[in-house]
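In terms of the working numbering, the numbers along the sequence shown are unbroken and rise by one, the last being 291.
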Amino acid sequence: MKSIVSAVLVLILVILGSSSLFVVKETERAVLLQFGELVRADIEPGLHFKLPYVNTVRKFDGRVLTVDATPRRFLTLEQKAVLVDSYAMWRITDVERFYTATSGDEARARSLLSQRINDGLRNKFGERDLQEVVSGERDALMMELTDELNTYSGEEYGIAVIDVRVKRIDLPDDVRSSVYERMTSERQREAQQLRSRGNELAIGIQADADRQEAVLLAEANRDAERIRGDGDAQAASIYAEAFTKDEEFYSFTRSLNSYQRSFSSKGDILLLEPDSDYFRYLQNEQGQGQQ
């Protein structure tokens with residue numbers, strides 16, 4: 001009987017001892033409650049004691065967490081609607097304030113932070129045009145929003161916002177087609193302007209080339225005529241000089257050339273009088289016809 005009682009007492013002591021001990025990991029943040037009231041906050045990692053059935057321990061993830069904000073539709077400075085999908089990285093820095101603000105509910109903390117992110121994005125997008133939020137000042141916008149959220153969430157929820165990023169910026173379906181059509185018409189207009197400018201330049205270049213061609217041809221024809229005239233003048237001068245030196249020899253040479261051309265084809269027939277002056281050099285070597 002005593003052994004049974006001893007065993008029961010040992011079992012009770014083991015149960016009480018195990019209920020009195022709890023461990024906080026390095027990746028966790030914890031608070032100690034007494035009948036639901038916070039009595040100890042930010043318990044350090046390690047082994048700790050508590051009163052069974054009196055104290056309750058609530059543990060939270062102390063690592064960097066991510067919250068995906070619900071995609072929302074915002075208006076830019078020029079009243080263009082964009083659909084923004086964003087996320088934020090955060091972690092618990094003040095576990096007492098976090099438990100007080102959210103009752104230790106991480107889902108509630110994500111919801112509150114997501115709402116604050118969307119409100120901040122709405123304000124920031126409303127101060128900038130579409131070009132700035134898409135590319136130009138996007139990084140600066142995210143840094144400003146991170147700083148503002150970090151200040152607010154730290155004071156209200158005990159949360160440090162590490163970074164806020166936009167995953168995607170889309171145009172809503174109801175305006176996407178009109179925007180694409182406007183972009184297409186603008187590109188077509190620019191292309192037409194470039195084509196017109198190119199055609200204008202091409203016409204100017206072609207006209208200049210035609211003018212240069214006409215000038216070159218005219219100058220070439222002028223030079224050719226001058227050279228041909230000089231050559232004819234020189235040839236006539238040479239012929240005249242040669243003729244004046246020996247008129248008879250010149251006449252004889254020309255007659256021989258004429259004979260060669262006339263009798264080069266066997267089919268040629270000449271009807272001439274025997275005493276024709278054409279054959280005077282065939283009749284005698286002096287080139288004088290018979291009397």
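Positions of the beta carbon are idealized from the N, C-alpha and C atoms, including for glycine.
Note that the structure is a prediction, hence the values are computed from the model and not measured.
Checklist entry - If you draw a straight line from the alpha carbon of Ser3 to that of Ala30, how long is it in whole angstroms? => result So the alpha carbons of these two residues sit roughly 40 Å apart.
Checklist entry - What did DSSP end up calling Glu200 once you bin it into helix, strand or coil? => result helix
Checklist entry - Helix or strand or just coil, what does DSSP make of Phe98? => result In the three-state reduction of the DSSP assignment, Phe98 falls in the helix class, which pools H, G and I.
Item to check | Same chain, Cβ closer than 8 Å to Leu149, five either side skipped, listed in chain order | outcome: Ala88, Leu113, Arg116, Ile117, Gly120, Val161 and Val164
Checklist entry - Using the C-alpha atoms, what's the distance from Glu213 back to Arg226? => result 20 Å
Item to check | Pairwise C-alpha distance: Asp170 and Glu132 | outcome: 14 Å
Checklist entry - What number of angstroms, rounded off, separates the C-alpha of Ala242 from the C-alpha of Thr253? => result The alpha-carbon atoms of Ala242 and Thr253 are separated by roughly 11 Å.
Item to check | Distance, Tyr250 Cα to Gly287 Cα | outcome: Per-residue confidence for Gly287 stands at a pLDDT of 48, beneath the threshold of 50, marking its modelled position as unreliable; no derived number is given.
Next on the checklist: Does Gly46 come out as helix, strand or coil in the three-state DSSP assignment?
Outcome noted: strand
Next on the checklist: Does Val84 pass the burial test, meaning 16 or more other C-beta atoms within 10 Å, or should it be called exposed?
Outcome noted: buried
Item to check | Minimum length 3: unbroken beta strand (DSSP E) runs contained in the region 77–149 | outcome: Listed in chain order, the complete beta strand (DSSP E) runs (minimum 3 residues) inside the region 77–149 are 81–92.
Checklist entry - From Asn55 to Pro45, what distance separates their C-alpha atoms? => result 18 Å
Checklist entry - Smallest Cα separation from Ser86: which of Ala101, Glu78, Ile92 and Asp68? => result Asp68
Checklist entry - Hey, would you say Ala140 sits closer than 7 Å to Val95, going by beta carbons? => result no
Next on the checklist: Give me, in chain order, the residues of the same chain whose beta-carbon lies closer than 7 Å to that of Lys50; leave out the 5 immediate sequence neighbours on both sides.
Outcome noted: Ser20, Phe22, Leu32 and Val57
Checklist entry - In the structure shown, what three-state DSSP assignment does Thr253 receive? => result helix
Next on the checklist: Taking 8 Å as the limit between beta carbons, can you name the residues of its chain near Val215, skipping five residues before and five after?
Outcome noted: none
Checklist entry - Do Asp147 and Leu77 come within 7 Å of each other at the CB atom, strictly closer than that value? => result no
Next on the checklist: Measuring only the C-alpha atoms, how far is Phe125 from Thr93?
Outcome noted: 29 Å
Item to check | C-alpha gap between Leu75 and Tyr152, whole angstroms | outcome: 24 Å
Next on the checklist: Please report whether the beta-carbon of Val54 lies at a distance below 7 Å from any beta-carbon of chain C.
Outcome noted: No chain C appears in this structure, which consists of one protein chain only.
Next on the checklist: Measuring straight from C-alpha to C-alpha, what distance separates Ala233 and Asp208?
Outcome noted: 37 Å
Checklist entry - Within 10 angstroms of its Cβ, does Phe35 collect 16 or more other Cβ (buried), or is it exposed? => result exposed
Checklist entry - Can you tell me whether DSSP reads Leu293 as helix, strand or coil? => result Limits of the chain in this structure are 1 at one end and 291 at the other, which puts residue 293 out of reach.
Item to check | Cutoff 6 Å; reference Lys80; Cβ partners in own chain excluding five residues on either side | outcome: Leu130
Checklist entry - Which whole-angstrom value is the C-beta distance of Arg108 and Thr102, which I expect to be below 8 Å? => result 5 Å
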